[in-house]
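One structure below.
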Amino acid sequence: NHIMKKKNKYVAGIDYSLTSPAICVAKVIDNEIKFENCKFHFLKQNKSHKSLGEVFLAYDDQSLFVAARLYDSNPSGICRQLAPRDDWYGAFDEFADWFSIDFDSRHDHQTGFSFAVNASGVLSDEMVFHDSDYDSDWNAIWEAEVQIDDKGWNLEMEIPFSNLPFYEHEELIWGLNITRFIQRKYETVTWVAFPLDVEGIVSQYGHLYGIKGIYPPAKFEFRPHFMAGVTSYNDIRLKQMWEPWNHRLNY
-7 NHIMKKKNKY VAGIDYSLTS PAICVAKVID NEIKFENCKF HFLKQNKSHK SLGEVFLAYD
53 DQSLFVAARL YDSNPSGICR QLAPRDDWYG AFDEFADWFS IDFDSRHDHQ TGFSFAVNAS
113 GVLSDEMVFH DSDYDSDWNA IWEAEVQIDD KGWNLEMEIP FSNLPFYEHE ELIWGLNITR
173 FIQRKYETVT WVAFPLDVEG IVSQYGHLYG IKGIYPPAKF EFRPHFMAGV TSYNDIRLKQ
233 MWEPWNHRLN Y
C-alpha cells in the first residue's frame, strides 16, 4: 500500500523531469503504500535485489501525477515503437519497452483502470471489469511524456481525477499495481505479482492509502445526434388524382 502527498500548487502539472519539489521519499510495506511518502522501488527477484526502477506519486485537487525512473544498464537497447494510440499489439505487448499503472479507484476488487506508455511516448488505456476482462474501447483524457538518458528511461503522467470513478470519503483507499516490460530481455516486472494458480487481476492489486481532500468531479458527456426522414411516394395510393386513398410516411 502506498500513501501519497499533495503537490504544492506551484508545481502542479508535468514538468518532464524528476526534480519537482513535490516528489517525496516513500515507505513501502509488502504490497501497501502510504501517500505521505510516495517513492517506491521495483526490485529484481534475485539475491542482488537490484532496483529496476523508482516510481513517484503525487496529486493536487484535479489530477494524479505519476513519475518513474526506469533503470537500464544498456539504454541504447531500449526498444521504442511508434504506433497509433491504443494500438496495444503494435506499440506494447512484446514489441517495445513499456510501463503501466493500474488503479482500482472504486476499491471494489472488480474494476480497474490501466494507463500505459511505451518508451516512444505512445499512450494506451483500458478498463478491467469482472476482475479479469478487458475493455480496450474505454478511453481516458490524460497525458504523458518520456525521456531516454544514460541511466535508462523516465516518464511522467498526469491523470485527471475526472477519468476515475470513486466515492466521496475523508480518506480514499484504492487498489494499485504497476508493471514494467523490458523488451530485449522479454522480462515483465510487476509491483504485485499474480500467482499462476490464483484467478483474477483487480482483486490481486496492492493498496494505495492516504488520498485526502478530493471529491468525485461532475462528469459530462456530449454525443452528436441527428435525425433524418424520407417520404416514399410509391406508398401513396390514389382513388383519384385529387383524392388520396392511403398516405403513409416512412421514417
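My numbering numbers the first residue of the sequence shown as -7 and each following residue consecutively.
Cβ atoms here follow ideal geometry from the backbone N, Cα and C, with glycine treated the same way.
Answer yes if the stretch 190 to 199 comes into contact with the stretch 161 to 177, meaning at least three C-beta pairs across the two stretches below 8 Å, and no otherwise.
Touching, yes, given that three or more Cβ pairs across the two stretches are closer than 8 Å.
Compute the Euclidean distance between the alpha carbons of Asn66 and Ile174, then round it to the nearest angstrom.
Near 11 Å, if we compare the C-alpha coordinates of Ile174 and Asn66.
Per DSSP, the bridge partner or partners of Phe105
As computed with DSSP, Phe105 is found in a beta bridge with Phe95 and Met119.
Which of the three DSSP states, helix, strand or coil, is assigned to Gln139?
In the three-state reduction of the DSSP assignment, Gln139 falls in the strand class.
Candidates Phe84, Ser124, Asp129 and Trp134, of which the one nearest Ser112 by Cα:
That would be Phe84, whose Cα lies nearest to the Cα of Ser112.
Name the residue from Gly104, Arg98 and Thr182 whose alpha carbon lies nearest to the alpha carbon of Asp127.
Relative to Asp127, the option among Gly104, Arg98 and Thr182 whose CA is nearest is Gly104.
Buried or exposed: Leu56, going by 16 or more other Cβ atoms within 10 Å of its Cβ?
With 16 or more Cβ atoms within 10 Å of its Cβ, Leu56 is classed as buried.
Determine the DSSP secondary structure at Trp134, reduced to helix, strand or coil.
Trp134 falls in the coil class under three-state DSSP.
Could you tell me the alpha carbon to alpha carbon distance between Glu86 and Thr180, rounded to whole angstroms?
Going from the Cα of Glu86 to the Cα of Thr180 covers about 10 Å.
Once the 5 residues before and after Arg172 are set aside, which same chain residues still bring their CB inside 7 Å of it?
Apart from the 5 residues on each side of it in sequence, Arg172 sits with its Cβ closer than 7 Å to the Cβ of Phe34, Leu44, Gly45, Leu62, Phe91 and Val181 in its chain, given in chain order.
Would you decide whether Leu115 is buried or exposed? Buried here means 16 or more other CB atoms lie within 10 Å of its CB.
Buried.
Sequence-distant residues of its chain with Cβ nearer than 8 Å to Ser124 (five each side left out)
The residues are Glu191, Gly192, Ile193 and Val194.
Taking the straight line between their C-alpha atoms, what separation do you get for Ala108 and Ser68?
Roughly 21 Å separates the two Cα atoms.
What's the gap between the Cα of Ile202 and the Cα of Ala132?
At residue 202 the sequence reads Gly, which differs from the Ile that was named. Those two C-alpha atoms are separated by around 24 Å.
Selected residue, minimal CA-CA separation from Ser106, among Val47, Asp78 and Ala88
Here the closest residue by C-alpha is Asp78.
Measuring straight from C-alpha to C-alpha, what distance separates Pro76 and Lys143?
Whole-angstrom Cα-Cα distance: 27 Å.
Compare the C-alpha of Phe95 against each of Glu162, Ala88, Gln73 and Val120 and name the closest.
For the residues Glu162, Ala88, Gln73 and Val120, the minimum Cα distance to Phe95 belongs to Val120.
Host beta strand (DSSP E) of Tyr59 (start-end)
In the sequence as presented, Tyr is not what sits at residue 59; that position holds Ala. Start and end: Ser55 to Tyr63.
Tell whether a beta-carbon distance below 8 Å holds between Gln149 and Trp134.
Checking the sequence shown, residue 149 turns out to be Met, not Gln. Remark: C-beta atoms of Met149 and Trp134 approach each other more closely than 8 Å.
According to DSSP, simplified to helix, strand and coil, what is Asn155?
Reduced to three states, the DSSP call for Asn155 is helix.
Give me whichever residues DSSP pairs with Glu179 in a beta bridge.
DSSP, once it has assigned bridges, lists Ile174 as partnering Glu179.
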